[in-house]
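Report on the structure given below.
Residue numbers (our numbering): 93 to 477.
Right, here's the structure in full:
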């Protein structure tokens with residue numbers, strides 16, 4: 093059997109590819125940008141081998157070489173730029189490619205990747221005869237909702253915070269209306285590997301850390317060591333859950349529900365034992381040499397310095413200020429029915445978030461940089477999962 097993947101050179105997509113190699117004997121065809129299949133396959137093998145080593149799964153490198161092959165293409169092109177007749181029969185399509193940008197200036201790019209791209213993948217799946225489509229979305233299509241978020245298709249009327257959330261909602265609706273046998277997979281805030289702590293992305297929590305480093309450096313350049321004594325205000329709810337989930341758990345749950353879960357179903361790939369905002373953010377601030385912030389509900393009394401930080405972390409407001417938990421009934425039922433070993437929770441007692449942060453910060457220090465590691469240290473181009 094053969095699976096077709098998009099986004100396999102990215103953070104979540106690479107972990108899903110490794111999980112499929114580990115748990116099935118199947119071949120993988122991966123849609124990868126490149127001038128030709130040979131160049132795309134080299135890029136694919138480098139990315140997957142890099143991730144395998146970081147995740148202590150070098151034993152999968154022979155499978156990467158023997159069972160994975162790239163298909164040169166791009167989800168932003170009609171039909172993903174792929175000739176369906178050049179592919180073997182496809183058992184399932186796994187769509188993990190996405191833009192993780194959120195800023196207004198990238199609105200067109202975000203829409204093209206996340207909305208047009210979803211439609212192009214649907215069209216390709218239909219051209220391949222209509223195999224099941226496992227579509228990676230985000231738990232944060234919930235937008236500004238609070239409380240328990242159920243495993244149902246996104247509500248187009250929900251208030252969102254940025255272009256990323258809005259386009260992921262639109263992508264879900266395209267998939268749900270496609271007429272294919274679909275599953276929507278919704279990870280929350282994906283962090284490094286549960287055992288090795290390694291990560292091949294600097295978005296999410298790692299983008300937040302980089303923003304803190306840049307902010308600290310800017311303030312120190314203008315005001316010296318003021319931040320040693322001043323706690324900066326942050327708009328956040330310290331008692332809200334902050335749903336960090338390790339990438340290997342996301343990959344495990346993705347493959348479980350993608351192989352065994354009922355179709356036309358939404359699945360949350362989240363962490364019921366996630367930390368709370370107050371403790372987690374304190375550890376992230378302290379890891380970058382900042383005092384834990386003061387939590388506030390608005391920016392009415394912000395100084396110009398306070399606004400610099402608020403602007404830098406604007407994207408993360410939906411994680412920090414809107415308390416929500418994610419129902420996992422569908423995901424847990426699929427795992428139970430498949431008799432797959434699964435620890436639904438990844439407990440994160442005090443100090444855990446700091447360990448993940450320190451792994452990333454050490455990478456920055458080792459690379460001699462200020463706020464983010466060199467791009468080539470990661471397995472994918474910035475801005476795309």
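We treat Cβ as the ideally placed atom computed from N, Cα and C, and that holds for glycine.
Keep in mind it's a predicted model, so treat the numbers as computed, not measured.
Check residue 119 in the structure and name its three-state DSSP category. Three-state DSSP puts residue 119 in a strand.
What separation, rounded to the nearest whole angstrom, lies between the Cα atoms of residue 291 and residue 140? 13 Å
Cα-Cα separation, residue 208 to residue 312: Taking the straight line from one Cα to the other gives about 43 Å.
If we call anything under 7 Å between Cβ atoms a contact, is residue 280 one with residue 337? yes
Can you list, in chain order, the residues of its chain whose CB lies under 8 Å from that of residue 127, leaving out five sequence neighbours each side? So the qualifying residues of the chain are 164.
DSSP state of residue 360, grouped into three classes? strand
Ordered along the chain, which non-local residues of its own chain (more than five positions away) have a Cβ less than 8 Å from that of residue 323? Once the five neighbours on either side are set aside, the close Cβ partners of residue 323 are 383, 384, 385, 386.
Starting from residue 300, trace the alpha helix (DSSP H) both ways and give me its first and last residue. 297 to 315
If you run the structure through DSSP and keep just helix, strand and coil, what is residue 287? Assignment of residue 287 by DSSP, reduced to helix, strand and coil, places it in the coil class.
Using a threshold of 7 Å, state whether the C-beta atoms of residue 479 and residue 426 are closer than that. No statement about residue 479 is possible, as the shown extent of the chain runs from 93 to 477 and does not include it.
Might you give, ordered along the chain, the residues of its own chain that have their beta carbon closer than 6 Å to the beta carbon of residue 415, omitting 5 neighbours on each side? 238, 329, 332
For residue 88, three-class secondary structure by DSSP: No information on residue 88 is available, as it lies outside the stretch 93 to 477 that the chain covers here.
Pick from 146, 455, 110 that is closest to residue 344, judged by C-alpha positions: 110
Indicate whether the contact test is met: 3 or more Cβ pairs, each with one atom in the region 144 to 161 and one in the region 100 to 117, closer than 8 Å. Taking a contact to require three or more Cβ pairs closer than 8 Å, the region 144 to 161 and the region 100 to 117 qualify as touching.
Do three or more CB pairs link the region 238 to 247 to the region 417 to 432 at distances below 8 Å? yes
At 3 residues or longer, what runs of the beta strand (DSSP E) sit wholly inside the region 239 to 296? 239 to 241, 274 to 279, 281 to 283
Quick check on DSSP: helix, strand or coil for residue 164? strand
CA nearest to the CA of residue 304, picked from 364, 219, 402: 402
Please state the DSSP three-state secondary structure of residue 149. If DSSP states are grouped into helix, strand and coil, residue 149 belongs with coil.
In chain order, each beta strand (DSSP E) run of at least 3 residues that lies wholly inside the region 389 to 461: 416 to 418
Am I right that residue 358 and residue 276 are in contact with their C-beta atoms under 8 Å? What's the rounded C-beta distance? About 5 Å; that satisfies the 8 Å criterion.
Since residue 232 sits in a beta bridge, which residues does DSSP pair it with? For residue 232, which the question treats as bridged, DSSP gives no partner whatsoever.
Residue 112 versus residue 234 - alpha carbon distance: If you take the alpha carbons of residue 112 and residue 234, they lie about 28 Å apart.
Determine contact between the region 212 to 227 and the region 169 to 181, defined as no fewer than three beta-carbon pairs at a distance below 8 Å. Result yes; three or more Cβ-Cβ pairs closer than 8 Å.
At least 3 beta-carbon pairs within less than 8 Å: the region 247 to 266 vs the region 184 to 196: yes
Please report how far the alpha carbon of residue 395 lies from the alpha carbon of residue 363, in whole angstroms. 36 Å
With 16 as the cutoff for other CB atoms within 10 Å, does residue 318 come out buried or exposed? exposed
Helix or strand or just coil, what does DSSP make of residue 182? coil
Just mark residue 226 as buried or exposed, buried being the case when its beta carbon has 16 or more other beta carbons within 10 Å. The residue is buried, with at least 16 neighbouring Cβ atoms inside 10 Å.
Note down, in chain order, each residue of its chain lying with its Cβ closer than 7 Å to the Cβ of residue 289, except the 5 sequence neighbours on either side. Around residue 289: 447, 448, 451.
So, under 8 Å CB-CB, residue 143 and residue 200 are touching, yes? Tell me the CB distance rounded to an integer number of Å. Contact doesn't hold; Cβ gap of about 30 Å is too wide.
Can you name, in chain order, every residue of its own chain whose Cβ lies under 8 Å from the Cβ of residue 219, other than the five neighbours on each side? The residues 171, 176, in chain order, have a CB closer than 8 Å to that of residue 219 in the same chain once the five nearest residues on each side in sequence are set aside.
From residue 114 to residue 355, what does the alpha carbon distance come to, in whole angstroms? Cα-Cα distance, rounded: 23 Å.
State the DSSP-derived secondary structure class of residue 386, mapped to helix, strand or coil. strand
To the nearest angstrom, how far is the alpha carbon of residue 151 from that of residue 264? When rounded, the distance between both Cα atoms is 35 Å.
Taking the beta carbon of residue 315 as the centre, do at least 16 other beta carbons fall within 10 Å, making it buried, or is it exposed? exposed
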